[in-house]
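Below: one structure, written as structure tokens.
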Ligand SMILES: Nc1ncnc2c1ncn2[C@@H]1O[C@H](COP(=O)(O)OP(=O)(O)OP(=O)(O)O)[C@@H](O)[C@H]1O
Ligand SMILES: Nc1ncnc2c1ncn2[C@@H]1O[C@H](COP(=O)(O)OP(=O)(O)OP(=O)(O)O)[C@@H](O)[C@H]1O
Ligand SMILES: [Mg+2]
Ligand SMILES: [Mg+2]
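Chains as they are written, first to last, in our numbering: chain X, 7 to 274; chain L, 7 to 274.
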């Protein structure tokens, strides 16, 4: 059965679309069939990234691996109850469709609390939450004591994931593997990095997520967006970007993340 | 008359709340009365930052300058037309209220296209748009050619600002000063930084915004959130953070931004 991965974090700019794209390409390069749904209906960063990839392939006559994307539109009904019913149907149709033909389905959630986002979280096998190394981002997971940096009560996004977890357990009798990873980690940050790290460790035990190795801030994670490429595509894409120590390190970060995700059907 | 500054960018995580907080504190420390409205109604990063500041003051018996904040709530009506009418009234009441008692009003817009966000943009004297040094962020301003990096047609957020500009010109016979600044700029990025910079320069002439000096990626811009402090508060806040070269540089970045903003009633 297809394994659904939702890349979610209500906080804007945590790196959801970046992680979604890199996981999609990594899985395809491991021989898997991948489905893609971009739930950021207006900005569609993930969808745009995939469209850039298709355009680059056509321009250069390349045959890079591409996921099966289903594009969802928002309901235009002015009555919210009817609009939500419409969106619920559209989402389940798209998901059933992709489940018939993909090993993995990558869903990029928006940086907002929308119905589509909740429907996705409640259908996830894995929720992966990238988070900036920052208490501004942490604030959506839990409160923190400003003097002791002890973790306080869970906050908005944690509550949302928990509600979706209960919903999934009730309807599908299955659990969600929630994995949190830091993203855009700076090389030049010691005290704040340690505090955020300790907060995440404390919180992981309290609200039930696993911690995965994260990604550093690296230009290679964002530089190739106009071409629709990732660092994993660089040997065959005809781009003029040369390999650097940062590329090698990024490749390792992506591999270490996949190892910790323990996705079904993958060997390490 | 009060000068309204909207910190806007539909793209998540560009640094809106960070810039809003730092501008608010800078203006108060220049002796101005500042009003604050956080339009990110759910996450309320700016509102939370201000609440942390109030708590820290109470805990330490400090009297740090604080803005007058008005908290707006979303309409709960299920009919979108009625809900929008309600929100339109709430917004204009809040703005009129603050205009009677503030020199500057700082409005932190959400990373999404909401009615409140559009109402704010259409009432702005200055719109300041922070943007990451990335074509993923750039994509919400305009398209870019992946081979020549020539700027293409304007995209979602540019169109939104333009619609609000027209609305303001029609209703208030006044213009909006739109200023774009880069944020979280990496020290270790040459080619991508140059390309994004050239794209912004090209776009600024085409769609009518001014470019302001931006902020580098610095831990000091985010580390003090739990205390509700900014680097400008550090001499009196009782925090144990020591001054570093980065603090001095950040202070200069904030000053250079204020100079370019050319806000009324400020001497350089
Ligand atoms: N590890 C990284 N190194 C360098 N830049 C990164 C990294 N991760 C993300 N970025 C950049 O940070 C910004 C935010 O990333 P991204 O758009 O993927 O986040 P998001 O969570 O999808 O945002 P939104 O909430 O708007 O959907 C983008 O400009 C992106 O290019
Ligand atoms: N110049 C900077 N240096 C270091 N960190 C920064 C800087 N600017 C912003 N950040 C961090 O980047 C993240 C995004 O910033 P912020 O929340 O201010 O953006 P935003 O545009 O308000 O996001 P949202 O779309 O969610 O409202 C936060 O973790 C913040 O602490
Ligand atoms: Mg995104
Ligand atoms: Mg914000």
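Yeah, the Cβ is synthetic: ideal placement off N, Cα and C, and Gly gets one too.
All figures in this text were calculated on a predicted structure; none of them were measured in a lab.
Answer yes or no: does any C-beta atom of chain X fall closer than 8 Å to that of residue i?
i	result
residue 168 of chain L	no
residue 20 of chain L	yes
residue 118 of chain L	yes
residue 17 of chain L	yes
residue 216 of chain L	no
residue 72 of chain L	no
residue 237 of chain L	no
residue 123 of chain L	no
residue 78 of chain L	no
residue 133 of chain L	no
Using a Cβ-Cβ cut-off of 8 Å, state whether residue i counts as contacting chain L.
i	result
residue 220 of chain X	no
residue 150 of chain X	yes
residue 240 of chain X	no
residue 225 of chain X	yes
residue 260 of chain X	no
residue 206 of chain X	no
residue 209 of chain X	no
residue 62 of chain X	yes
residue 48 of chain X	yes
residue 129 of chain X	no
residue 81 of chain X	no
residue 54 of chain X	yes
residue 271 of chain X	no
residue 274 of chain X	With a pLDDT of 49 at residue 274 of chain X, under the threshold of 50, the modelled position of that residue is not reliable, and the figure given next carries that caveat. No, its Cβ sits nowhere closer than 8 Å to a Cβ of chain L.
Show which residues of chain X have a CB atom less than 8 Å away from the CB atom of residue i.
i	result
residue 51 of chain L	142, 145
Check the Cβ of residue i against every Cβ in chain X and list those closer than 9 Å, keeping chain order.
i	result
residue 84 of chain L	85, 86, 87
residue 212 of chain L	Result: empty, since nearest Cβ-Cβ is about 18 Å, beyond 9 Å.
Can you round the beta-carbon distance between residue i and residue j to whole angstroms, since I take them to be within the 8 Å contact cut?
i	j	result
residue 133 of chain X	residue 167 of chain X	6 Å
residue 136 of chain X	residue 22 of chain X	6 Å
residue 113 of chain L	residue 13 of chain L	7 Å
residue 226 of chain X	residue 252 of chain X	6 Å
residue 162 of chain X	residue 48 of chain L	6 Å
residue 123 of chain X	residue 115 of chain X	5 Å
residue 34 of chain X	residue 71 of chain X	4 Å
residue 36 of chain X	residue 55 of chain X	Rounded, the Cβ-Cβ distance is 19 Å, inconsistent with contact.
residue 202 of chain X	residue 139 of chain X	5 Å
residue 68 of chain L	residue 93 of chain L	The pair is not a contact, with the Cβ atoms about 35 Å apart (cut-off 8 Å).
residue 216 of chain X	residue 185 of chain X	5 Å
Taking Cβ-Cβ distances shorter than 9 Å, what residues in chain L pair up with residue i?
i	result
residue 35 of chain X	Chain L residues near residue 35 of chain X: none, gap ~21 Å exceeds 9 Å.
residue 229 of chain X	140, 141, 195, 197, 198, 201
DSSP has residue i in a bridge; who is on the other side?
i	result
residue 68 of chain L	Per DSSP, none; premise fails for residue 68 of chain L.
residue 134 of chain X	X:13, X:185
residue 113 of chain L	L:12, L:43
residue 150 of chain X	X:157
residue 85 of chain L	X:85
residue 222 of chain L	L:191
residue 74 of chain X	X:41
residue 35 of chain X	Answer is none; residue 35 of chain X lacks a bridge partner.
residue 217 of chain X	X:186
Taking residue i as the query, report the chain L residues whose CB atoms sit under 8 Å from its CB, ordered along the chain.
i	result
residue 233 of chain X	152
(message) Please list, in chain order, the residues of the region 190 to 202 of chain L that have any C-beta partner in chain X closer than 9 Å.
(response) Residues passing the 9 Å Cβ filter: 190, 192, 193, 194, 195, 196, 197, 198, 199, 201.
(request) Quick one: which residues of the region 91 to 104 of chain X get their C-beta closer than 8 Å to a C-beta of chain L? List them in chain order. (result) Here the close residues number zero.
(message) Using a Cβ-Cβ cutoff of 7 Å, what residues of the region 156 to 190 of chain L are near chain X? List them in chain order.
(response) So the list reads 162, given in the order they occur along the chain.
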